[in-house]
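> Residue numbers (the numbering used here), protein chains in the order written: chain V, 1 to 291; chain X, 1001 to 1291. Ideal placement from N, C-alpha and C gives every residue a C-beta, glycine not left out.
Protein chains: 2
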Amino acid sequence: MNTEFIKKEQYYIDLVNNYLKEELKPQDPLYDIVLEAMNYSVFAGGKRIRPVIMMEFSKICGGKEEDILPFAAAIEMIHTYSLIHDDLPCVDNDDFRRGKETNHKKYGETIALFAGDGLLSLAFETASKSKSKNTLECIRILARQSGVSGMLGGQTIDKEYENKEIDLKTLIRLHNLKTGALIKACGEIGVLCAGGSMEMQKAAIEFCEKLGLAFQIQDDILDVTGDFSKLGKKVGSDMDNNKNTFVTLNGLEKSIDESVKLTNQAIEALNLFNENEFLINLAKKLLNRDN
Amino acid sequence: MNTEFIKKEQYYIDLVNNYLKEELKPQDPLYDIVLEAMNYSVFAGGKRIRPVIMMEFSKICGGKEEDILPFAAAIEMIHTYSLIHDDLPCVDNDDFRRGKETNHKKYGETIALFAGDGLLSLAFETASKSKSKNTLECIRILARQSGVSGMLGGQTIDKEYENKEIDLKTLIRLHNLKTGALIKACGEIGVLCAGGSMEMQKAAIEFCEKLGLAFQIQDDILDVTGDFSKLGKKVGSDMDNNKNTFVTLNGLEKSIDESVKLTNQAIEALNLFNENEFLINLAKKLLNRDN
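1. Alpha carbon to alpha carbon, how far is C138 of chain V from L1252 of chain X?
2. Among X:T1102, X:G1187, X:N1134, which has the Cα closest to the Cα of T1080 of chain X?
3. Since L1287 of chain X and Q1218 of chain X are thought to touch, with beta carbons under 8 Å apart, how far apart are those beta carbons, to the nearest angstrom?
4. Taking 7 Å as the threshold (C-beta atoms), are N134 of chain V and L69 of chain V in contact?
5. I'd like to know if G63 of chain V contacts chain X, where contact means its C-beta is closer than 7 Å to some C-beta of that chain.
6. Taking any Cβ of chain V, which residues in the stretch 1198-1218 of chain X have a Cβ under 8 Å from it, in chain order?
7. Indicate the three-state DSSP secondary structure (helix, strand or coil) for E101 of chain V in the structure shown.
8. If we define contact as Cβ-Cβ less than 7 Å, is G187 of chain V a contact residue for chain X?
9. Look at G116 of chain V and H85 of chain V and say whether their C-beta atoms are less than 7 Å apart.
10. Alpha carbons only, please: which of X:A1266, X:D1227, X:K1254, X:L1272 is nearest the one belonging to A1283 of chain X?
11. In chain X, which residues lie less than 7 Å from S149 of chain V when you measure between Cβ atoms?
12. From D1032 of chain X to L1088 of chain X, what does the alpha carbon distance come to, in whole angstroms?
13. My understanding is that L1142 of chain X touches A1185 of chain X, with C-beta atoms under 8 Å, so please give their C-beta distance in whole angstroms.
14. Where does F1096 of chain X fall in DSSP's three states?
15. Checking contacts by CB at 7 Å: is T179 of chain V closer than that to chain X?
16. Can L15 of chain V and V42 of chain V be called in contact, C-beta distance under 7 Å?
17. According to DSSP, simplified to helix, strand and coil, what is A44 of chain V?
18. When the distance is taken between beta carbons, is I189 of chain V closer than 7 Å to M54 of chain V?
19. Where does the unbroken alpha helix (DSSP H) through T1225 of chain X begin, and where does it stop?
20. Considering only residues of the same chain and omitting the five flanking positions on each side of E1206 of chain X, which have a CB-CB separation below 7 Å?
21. I'd like the list of long-range same chain contacts for G1154 of chain X, defined as Cβ closer than 6 Å, with 5 residues on each side in sequence excluded.
22. For V1224 of chain X, which of X:E1004, X:G1118, X:F1246 has the nearest alpha-carbon?
23. Check whether the Cβ of N1242 of chain X lies closer than 6 Å to any heavy atom of the ligand GDP, and answer yes or no.
24. For R1289 of chain X and G196 of chain V, what's the separation of their Cα atoms in angstroms?
25. Consider the Cβ of L286 of chain V: report whether some Cβ of chain X lies at a distance smaller than 7 Å.
26. What would DSSP say about I1166 of chain X, mapped onto helix, strand or coil?
27. Nearest-angstrom Cα distance between N18 of chain V and K25 of chain V?
28. With distances taken Cα to Cα, identify the nearest neighbour of A74 of chain V among V:A37, V:K100, V:P29, V:E125.
29. Go ahead and label K159 of chain V buried or exposed: buried means 16 or more other beta carbons lie within 10 angstroms of its beta carbon, across all protein chains shown.
30. Does the beta-carbon distance from G1226 of chain X to C1208 of chain X come in below 7 Å?
31. Return the residue from the list V:K129, V:V148, V:R140, V:S149 that minimises the CA-CA distance to R1140 of chain X.
32. To the nearest angstrom, report how far apart I166 of chain V and L1120 of chain X are at their CA atoms.
33. Kindly indicate which residue of X:I1221, X:Q1201, X:Y1040, X:L1083 has the alpha-carbon position closest to the one of L1272 of chain X.
34. Quick check: what's the CA-CA separation for L222 of chain V versus I256 of chain V?
35. Excluding sequence positions up to five away, which residues of its chain have a Cβ less than 6 Å from the Cβ of Y12 of chain V?
36. Is the Cβ of T245 of chain V closer than 7 Å to any Cβ of chain X?
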């Protein structure tokens, strides 16, 4: 991976982390425990993929950093909230995430529930601070893609099919919602917040859709081939939870082929943006990750 | 109660219910179960106090119905989400609400969790549809008052003090956040969405703050003096959960006096609005309610 990519990625990550830290400052000892729990999961080693994608699309389209930052922080809050709630005993009942105890193992179920709720509300408070002329439209996208028509719809399908047979078409729909919706929002909001054209929005969405699915297939592959020390969570937990994955349905080899194919399609969608090198590098990095 | 008040209140309630129904329509059999659960709690007999207050403040200030309706629906969604999550086993573990099974008793914990999450996201999607020139500022208030700095902060204090001694000052802070924050948002958003003055905002907030606290004290009184058939939930559940209430701290008589005093103060705050008869009637109705 070239150093220019790593430098730029780290630049985005630092910006977002500083912004997140500011938004998550303690307020009042009476309820700071829930802010502490929110901080715990937000700063538990997330890769910040979503904010990075969003910020680069904004930059490509000539957007201002200070306009996209509130949305970049907001989408990371929403991603984190979904992980906290997904780990709860009534959903996946996971004890570890990114090598650390899950939120409810650390703070108890009530505070973990509230920490997730708090991050979701705070995401919209934060997003509303952007000065982009398209802020309202971007908030609508953020809300829609995180709600029932998006990520939450996917989480619901996931849970409904936990002990049932699932066909590939439904599995793809599941992941296009559960993981894809939020990643898609990154491209869409990144471009729209910067005032990019409809054509640019379409290309960004196309990139994100392919990347999101490749990312999820890679996740399923790592659940089989990964190891705890790198992954930071239990290997084989999908199997233990009777979860249908691309690997259980299609086998390992075909899954690997598919994630390569989708990554290449994502990269093709970048033609409109003069084959943006940063995003190409990001797509390749995600394909070759081990955590 | 005069018939003009009842007619106007019902008019507002019908508008909000129709709007809510539209926003909560089924979308896809794959995840409609969570929309069904959202509908179940939204249409479980809520009194729609918050939307009614909001719509009247907007009307007083010359606002358009179609501008405030998205926010009126949104605040009811947020109120309902908080009830669903508060009823969960890891919070209050309540089996009944408004005479019906709680969401998780009916749909299971996972779907109840998601139904709450879905309502919170949908609230912001819905609010973003308002065409008021102050929509963004109103969204910021809505997010702030429902999050850690508002309602959720109160829920956290409530839980943290469940088996501990609480002093009156902290109890008032708890309720000013847990119940008060969202009611306050109704006044603030109602006025702001309609383009009312800062002075009007202040008066509306003052009315809502006093009303919110009176409402909560009345709730605590009803937990002792009410009956299941009217209340729709178990009487004495605060006592069972070792909850500190105004009644356990101050006694029944003093609590009744206080709720009367606060209601009168709320009504005084309406001077600026020529002693708006509708809101005076509403305040009196809430004081004398039995559910």
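The relevant details are as follows:
1. 50 Å
2. X:T1102
3. 7 Å
4. no
5. no
6. none
7. strand
8. no
9. yes
10. X:A1266
11. Q1027
12. 21 Å
13. 6 Å
14. strand
15. no
16. no
17. coil
18. yes
19. 1198-1225
20. A1269
21. L1174, L1177, K1178
22. X:F1246
23. No copy of the ligand GDP appears in this structure; indeed no ligand is present at all.
24. 54 Å
25. no
26. coil
27. 11 Å
28. V:E125
29. buried
30. no
31. V:K129
32. 29 Å
33. X:Q1201
34. 10 Å
35. V52, M55
36. no
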